[in-house]
Amino acid sequence: MSVDWRKYPDAVTAAQACAQHILAVLEETLSGEGLATLAVSGGSTPRPMFQEMARSRFEWDRVHLFWVDERAVPPADPQSNYKLANESFIAPAHFPDRNVHRIQAELGPEAAAGRYENEIREFFGLSAGELPGFDVIHCGIGPDGHTASLFPGEPRIRDHDKIAAAVWVEKFAQWRITLLPGALEAARNAVVLACGPDKADAVRAIFSGPYDPMQWPAQILSRNLTSVTWFLDEAAAAGVD
Ligand code: 6PG
């Protein structure tokens, strides 16, 4: 399967291009729908993506914002994915608070995951067993090929039925709340933003290696989605050029 990927000189231009692509897909969605849904990830790479979105004039009151994953920390914690998005996007874009569906990680991992799953089910009007079709999801990858908070060896990588769960991440000795593969695969459009030399080996394995999502969880994104576009800087693309 060929992966739609685009290469940029550096991490900032890759992030800005990813932002513009997200806006274009949201605009296309809103040409036919009253609302659009966007689920974002965290980490360090997406900050310039969020800042680009905040600088762009957009009908944010017609967009509902969700998260792909969250660390089990309070929203003011430096590790919080919400904190990153709030500082670099929600606040500067004057994104309407009523459209922000934050993972309330301060409730504790299991309670937060259950609450988040219910909030998604209610917003999308899902019956039991149905999965949300986010209009756009944004994911990153780690050097180990993880995406969302699905790290290599995580048993939930085999779960294509549930929406979200709390997972223990041994690598960081941390609980996280994450969308599960079924919810990622049900997205109408996906973008993956991956930058830096430490991602090059993972990108090559994800794109060209044997399909083994237990070892390379981000292959969920490169092999199982109908519309996914990867935004790489030259360093991360070094192994696939
Ligand atoms: C998180 C993210 C995670 C992230 C990758 C890449 O909560 O950390 O959702 O999946 O996208 O770990 O993170 P960097 O951008 O920091 O490399």
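Under the working numbering, residues 10 to 250 are what the sequence shown spells out, in order. Quick reminder that beta carbons are idealized off the backbone N, C-alpha and C, glycines included. Source: prediction; values computed, not measured.
- For Asp250, the three-state secondary structure derived from DSSP is coil.
- Secondary structure in the segment 30–81: the alpha helix (DSSP H) runs of 4 residues or longer, each lying completely within the stretch, are 56–64 in chain order.
- Between ligand 1 and His110, a heavy atom-to-CB distance of less than 8 Å is absent.
- Contact between Phe240 and Ala26 is confirmed by a C-beta separation of about 6 Å, below the 8 Å threshold.
- The beta-bridge partner set that DSSP reports for Thr156 consists of Leu159.
- Around the beta carbon of Leu159, a 10 Å sphere encloses 16 or more other beta carbons of the protein chains shown; the residue is thus reported as buried.
- Around the beta carbon of Ala199, a 10 Å sphere encloses 16 or more other beta carbons of the protein chains shown; the residue is thus reported as buried.
- Taking 8 Å as the cut-off, one finds no heavy atom of ligand 1 near enough to the beta carbon of Ile166.
- The segment 174–186 and the segment 228–240 do not touch, with fewer than three beta-carbon pairs separated by less than 8 Å.
- Trp76 is not a Cβ neighbour of His30, given a cutoff of 9 Å.
- Going by beta carbons, Leu202 and His147 fall inside the 9 Å limit.
- The segment 13–26 makes contact with the segment 54–69, as at least three CB pairs between them are under 8 Å.
- The criterion of a C-beta distance shorter than 9 Å is not satisfied by Ala209 and Ala174.
- Taking Ala227 as the centre and dropping the five residues before and after it, the same chain places the C-beta of Cys148, Ile150, Gly154, His155, Thr156, Val201, Ala211 and Ile215 closer than 8 Å to its C-beta, in chain order.
- Counting other Cβ atoms within 10 Å of its Cβ, Asp78 reaches 16 or more and is therefore classed as buried.
- For Pro55, the shortest C-beta to heavy atom distance toward ligand 1 is below 8 Å.
- Here the C-alpha atom of Ser50 lies approximately 12 Å from the C-alpha atom of Ile112.
- When Pro55, Asp13 and Asn90 are compared, the shortest CA-CA separation from Glu115 is found for Asn90.
- Bounds of the alpha helix (DSSP H) holding Tyr91 are Asn90 to Ala94.
- About 12 Å separates the beta carbons of Arg71 and Gly41, which is beyond the 8 Å limit, so they are not a contact pair.
- If you look at Arg213, you'll find it in the alpha helix (DSSP H) that goes Ala209 to Ser217.
- DSSP places Ile129 inside the alpha helix (DSSP H), whose first and last residues are Pro118 to Phe133.
- Placement of the Cβ of Gly162 at a distance of 8 Å or more from every heavy atom of ligand 1 is found.
- Residue pairing from DSSP places Tyr17 in a beta bridge opposite Asp242.
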